[in-house]
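To start, the structure under review is shown below, and the notes come after it.
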Amino acid sequence: LDKMGKGGDANKSNEQHKLVQEQQEHGEPIFEDFYFSEEPHWHLPRARAILKTHPEVGKLMGCSYSLKYKILTAFFIQLASLELLKDAPLWMTALCCYTLSGMITGSMTLALHELSHNLGAKKPFWNRFLSMIANTCMGIPAAATFKRYHAEHHKFLGEHHIDVDIPTYLEGNWFKNGHVSKLLWLFFQPAWYSLRPMILNSKDPNMYEFTNYFCTIVADLLVYSRYGIPGVLYLCLGTIMGMQWHPVAGHFVAEHYVFNEGQETYSYYGPLNWICFNVGYHIEHHDFPYVAESRLALLRKAAPEFYEYPHYHSWVKVMYDFVMDPYVTPFSRIKRKELSDEDFEAFRKKGGLCTK
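For the sequence shown, the numbering used here assigns the number 1124 to the initial residue and increments by one for each residue that follows.
Below, the structure written as structure tokens:
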């Protein structure tokens, strides 16, 4: 990104750091706005360049048939944990809710991510069927709504009011100053991801979403019939905690928050990729959204010169740096406004990219 509103070059970066120091000394707010770019996001031209240089990369595209087995394994582990904890003391249930259920539900949110790209099977129907199974582990319906908004995140990365992965101005203004405020922002991460779509880019529910609600409610009722309210809470609170102060939740910050001036997307090459469907290979994923998670490492290996960017090895360290670094706040995202107001309204009226 050659042209950026703030922090686009070394001189501006030095000016910004100096401004931060002066503002801290006077107790003033640090950042008032996002980084704004005048350029389209970089992934589409990168993909074209990679295919031109390494045409064999095209063979990596396609679904992963192992995905369904991973989802079913997680489903049965979650079910077994409910059974084993049925008469367990409260402290043990709470501990397992954070550790085991938080890990499984966090993993299943990323399974939904893969399935939103139809990477679990060739036919869309089976991807949706698998997403319903994965979603039952979570207790909270998410699969269908996530699919609708995630397609827009890829095509309109950083686009004002369309990419709901970007924080609102309310988040930026309320949680930009101090370690405690940013720690609280991480704690309320589930709320931001639930409320942003309704605030920024609301859509009428479609039949897939109603089906998702029905299947999740039925699954929760079945859990309730055998395990009572504690069983339902084990699933729902596991999902919420898995998006808060949890190692798996580090990917929310790691993927697109600007820690390196001008870099919009970041990859993570640590061990949690093993249980998180390689979502850490995030530059690779945005370059080629239809390369399944099981082949993203092969993509990086096939075109190594295109992936020599700063990256992470610890999501926990990413969250720690986000809280402790005064230069990184909820405003540390790259935004752009390529659509006119008329185009945005037309886009909104037709329900966005995914209406079915």
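For glycine and all other residues, C-beta sits at the position ideal for the given N, C-alpha and C. Bear in mind the structure is a predicted one, so any value in this text is a computation, not a measurement.
I1352 sits in a helix when the DSSP states are folded into three classes.
Counting every other CB atom within 10 Å of its CB across the protein chains shown gives E1206 a total below 16, marking it as exposed. In this structure, the beta-carbon distance from T1216 to T1362 does not fall below 7 Å. Secondary-structure assignment with DSSP links F1159 through a beta bridge to K1458. The segment 1252-1260 makes no contact with the segment 1382-1393; the number of CB pairs closer than 8 Å stays below 3.
Note: V1414 is bridge-paired with G1185 in the DSSP secondary-structure output.
Counting along the chain, S1304 sits inside the alpha helix (DSSP H) bounded by residues H1302 to F1310.
Selection N1300, T1268 and K1270 evaluated against Y1450 yields N1300 as nearest (Cα-Cα).
E1431 sits in coil when the DSSP states are folded into three classes, being neither helix nor strand.
Contact between A1377 and V1287 fails: their C-beta atoms lie close to 18 Å from each other, not under 8 Å. Taken through DSSP and simplified to helix, strand or coil, Y1443 comes out as helix.
Using a C-beta cut-off of 8 Å, the segment 1321-1340 makes no contact with the segment 1227-1243, since fewer than three inter-stretch Cβ pairs fall below that distance.
DSSP places Y1450 outside both helix and strand once states are collapsed to three, so it counts as coil. Per DSSP, the beta-bridge partners of Y1391 are Y1435. Your pair E1282 and W1315 does not check out as a contact, with CB atoms roughly 18 Å apart and the cut at 8 Å.
Nearest to H1277 by alpha-carbon distance, out of H1164, S1224, H1434 and M1231, is H1164. A straight-line Cα-Cα distance of about 21 Å links E1384 and F1298.
At a Cβ-Cβ threshold of 7 Å, G1225 and M1364 count as neighbours. CA-to-CA, the gap between H1236 and P1212 works out to about 34 Å.
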